[in-house]
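Right, one structure below, let's go through it.
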Amino acid sequence: MLEIKTIGLFFVTAVFEILGCYLPYLWLKEDKSVWLLVPAAICLALFAWLLSLHPTAAGRVYAAYGGVYIFVAILWLWVVDGIRPSLWDVVGVSVAMLGMVIIMFAPRAT
């Protein structure tokens, strides 16, 4: 159950981080409203708070989170940007997710 909770929390965290970066991108590159910076700041604050909810060392959480972030970013590429991931995108995501599982769930002495 801990594994599902951890991965789920990482997924929600990644969505907030991507939104926090994507909204300013829309303002800067797509000439959208500057008001997008307000929800962007809120998303980034939620992203930081969500990372703090993990019970293990911060460095380990940040390292492992990167694998899930990569997965969600490639999913975003497909769903939001409309670009189908390549075979190499899928291979890279698989390697990153394997790294996340090893970092977060490998047995270690307490």
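Counting along the sequence shown from 1, when you hit position 13 you're at 949 in the numbering used here, and nothing is skipped either side.
Positions of the beta carbon are idealized from the N, C-alpha and C atoms, including for glycine.
Computed from a predicted model, the values in this text were never measured in an experiment.
To which residues of the same chain is residue i closer than 8 Å at the C-beta, ignoring the five residues directly before and after it?
i, result
"residue 945", "986, 989 and 990"
Report buried or exposed for residue i, applying the criterion of at least 16 other Cβ atoms within 10 angstroms of its Cβ.
i, result
"residue 959", "buried"
"residue 992", "exposed"
"residue 950", "buried"
My assumption, with CB atoms under 8 Å, is that residue i sits in contact with residue j. Please give the rounded CB distance.
i, j, result
"residue 952", "residue 982", "5 Å"
"residue 1039", "residue 984", "Rounded, the Cβ-Cβ distance is 20 Å, inconsistent with contact."
Relative to the alpha-carbon of residue i, which residue among the options has its alpha-carbon at the smallest distance?
i, options, result
"residue 1029", "948, 1003, 939 and 1017", "1003"
"residue 939", "1037, 1045 and 1044", "1037"
"residue 947", "1033, 1041, 1042 and 1044", "1033"
"residue 1005", "1023, 1035 and 1018", "1035"
For residue i, collect the residues of the same chain with a Cβ closer than 6 Å to its Cβ; drop the 5 residues on either side in sequence, then sort them by chain order.
i, result
"residue 976", "956, 959 and 960"
Apart from the five residues on each side of it in sequence, which residues of its chain come closer than 7 Å, Cβ to Cβ, to residue i?
i, result
"residue 954", "1008, 1009 and 1012"
"residue 997", "987 and 990"
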